[in-house]
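In our numbering, the protein residues as written are -10 to 263.
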């Protein structure tokens, strides 16, 4: 990944996505961020551009609307042609969580559908539309391209209070399995990155985090450092696998990269194993 590599961050106007968009911009990359509100996306992009001096643009996106995703790809290809840059990193960050904690049968069905629609259908549609273009970029440049999915400990180990959110994040592991399997030989990498527990509007709305204090929150800097390392190409052995900011560092992952077992950090349940 070089300084002309375009980074696309879905849900990049606030929270974790905002930290990531700003982090890539501060590292010198042109960034395209999205939000469900065009005005919100444009405002966030302008603020990050002012802070970093980088090229940052914001556009509206509904990740679960195929037409909206198709329009985003048109925007990307237009930027590539106009500015002589190429999309090299896609960050699937846009996500939501249930409005209330509790058993799934007490939840509002519309709320459950909203979570699955955004967190599962959305990334599947984005990958479906963007991977052919990313593969073209990899073929044209001879350099790998990379997808970072914002996963969660709720996907890896489960959070009973948020069944739909946990299910939606677990689904991303299956998406990554397929992308890694069919994409590796063609220069496509994908990573399941948990941000840890970043203090944000979403996490502050979750009662399970009410007792967290300063050191219990994951540092946004740790998140950005890990994302930059994954995008930078020196942790490609972790493609298709789960990593967690605040626990893993670029250095610890690089040290463990040699000799990874087939199922290390992959979501697997084998009835033949104890």
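The beta carbon of each residue, even a glycine, is placed where N, CA and C say it ideally should be.
- Between the alpha carbons of residue 22 and residue 75 lies a gap of roughly 15 angstroms.
- In the structure shown, residue 234 adopts extended strand secondary structure according to DSSP, grouped into three states.
- When the Cα atoms are used, residue 31 and residue 68 turn out to be separated by approximately 16 angstroms.
- With contacts defined by Cβ atoms closer than 8 angstroms, residue 105 and residue 153 form a contacting pair.
- Looking only at 221, 176 and 166, the smallest Cα-Cα distance to residue 256 is reached by 166.
- As the crow flies, the alpha-carbon of residue 168 is around 20 angstroms from that of residue 258.
- Look at residue 91 here: in three-state DSSP terms it is coil, with no helix or strand label.
- By the beta-carbon neighbour count (other beta carbons within 10 angstroms, threshold 16), residue 83 is buried.
- Closest in C-alpha terms to residue 253, from the list 174, 184, 162 and 214, comes 162.
- Listed in chain order, the beta strand (DSSP E) runs fully inside the stretch 117 to 177 are 134 to 139, counting runs of at least 3 residues.
- Residue 9: member of the alpha helix (DSSP H) spanning 4 to 15, first to last residue.
- Residue range 45 to 49 is occupied by the beta strand (DSSP E) that includes residue 48.
- For residue 34, the uninterrupted alpha helix (DSSP H) run begins and ends at 27 to 41, by DSSP.
- The criterion of a C-beta distance shorter than 8 angstroms is satisfied by residue 51 and residue 25.
- DSSP places residue 75 in no alpha helix (DSSP H) but in the uninterrupted beta strand (DSSP E) bounded by 75 to 81.
- Proximity to residue 18 across 211, 38 and 131 peaks at 38, based on C-alpha coordinates.
- Spanning the alpha carbons of residue 49 and residue 170 requires a straight line of approximately 31 angstroms.
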